[in-house]
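Okay, structure first, notes after.
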Amino acid sequence: MMIDIPPNDHGAIYVFEVIGIPPADLGDKTDAALMAVFGPVVLNTDYVDVVAPDVLTDMTLPQFIRHGYDMPVADDVAEELRSLIGTAVLVMSAAFGGQDVVLDLPENMRLVTTLREKPAIKIIDPLNTASAEGTLDTKPTKPPKSNARMSGMVATYALLAMFALVGLMIWMGG
1 MMIDIPPNDH GAIYVFEVIG IPPADLGDKT DAALMAVFGP VVLNTDYVDV VAPDVLTDMT
61 LPQFIRHGYD MPVADDVAEE LRSLIGTAVL VMSAAFGGQD VVLDLPENMR LVTTLREKPA
121 IKIIDPLNTA SAEGTLDTKP TKPPKSNARM SGMVATYALL AMFALVGLMI WMGG
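Here's what the structure looks like:
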């Protein structure tokens, strides 16, 4: 079975089932065991989980995915996941490193389901008010300085100069 993983795939969990006896070191997620299961593909093992049937005693596989991955699982998919009898291998899309990957699965391996996050995109209603009409000027301009402001600036500089002159006279005389 050929499975094409698109480049830059995001927010997906691929649930595979190993039918029969899995490789001995699959639980340790070694490269050799993962290559025996997925073929000549190098996966980032930080994003791969191996769930043996006897490991989940307090919860089911759908509950594990809901709580561990915070991923919603539909009821029909949950039924299918509960019916798995082999070892489940959960591969997040980040394990493929954003590359276009084609998996050639051996006969003892099958893709059970692909779970995807629902995008949290909210459609914003357009503004339909009168204040939303028109365009903005490209560059706001400063108003010219008034005569009163110019006179105040000249007076301030004159007072600062007289203060410095008086301070210098007191220092020299003192």
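So that you can map any letter, position 22 of the sequence shown is 22 in our numbering, and since no number is skipped, the others follow by simple counting.
All C-beta atoms in this analysis are idealised placements derived from N, C-alpha and C, irrespective of residue type, glycine included.
Note that this is a predicted model, so its numbers are computed, not measured.
key: Under the three-state DSSP convention, the category D75 falls into   = On the sequence shown, residue 75 is found 75 positions in, with the first residue counted as 1. Residue state, collapsed to three classes: helix.
ask   = Are V101 and E17 touching if we call contact CB-CB under 7 Å?
value = The residue given as residue 101 occupies position 101 in the sequence shown. The residue given as residue 17 occupies position 17 in the sequence shown. Not in contact: V101 and E17 (Cβ atoms no closer than 7 Å).
query = Using the C-alpha atoms, what's the distance from L159 back to M169?
reply = Residue 169 sits at position 169 when you count from the first residue of the sequence shown. Residue 159 sits at position 159 when you count from the first residue of the sequence shown. Approximately 15 Å between the Cα atoms of the pair.
key: Among L105, I85, G68, K139, the one whose alpha carbon lies nearest that of R92   = Residue numbering aside, residue 92 sits at position 92 when the sequence shown is read from its first letter. The question names Arg, but residue 92 is Met in the sequence shown. It is G68.
Supposed contact pair L90 and V15 - C-beta distance, whole angstroms, cut 8 Å = Position 15 of the sequence shown, counted from the first residue, corresponds to residue 15. Position 90 of the sequence shown, counted from the first residue, corresponds to residue 90. Their Cβ separation, rounded to whole angstroms, is 6 Å, which keeps V15 and L90 in contact under 8 Å.
ask   = For V51 versus G27, is the C-beta distance shorter than 7 Å?
value = As a first step, residue 51 must be located in the sequence shown, where it is residue number 51. As a first step, residue 27 must be located in the sequence shown, where it is residue number 27. Taking 7 Å as the Cβ cut-off, V51 and G27 do not qualify as a contacting pair.
task = Have a look at N8 and T114 and give me their C-alpha separation to the nearest angstrom.
result = As a position in the sequence shown, residue 8 is number 8, starting the count at 1. As a position in the sequence shown, residue 114 is number 114, starting the count at 1. For N8 and T114, the distance between alpha carbons rounds to 16 Å.
query = How many Å lie between D75 and P53 at the Cα?
reply = Taking the sequence shown and counting its residues from 1, one reaches residue 75 at position 75. Taking the sequence shown and counting its residues from 1, one reaches residue 53 at position 53. Rounded to whole angstroms, D75 to P53 spans 20 Å at the Cα level.
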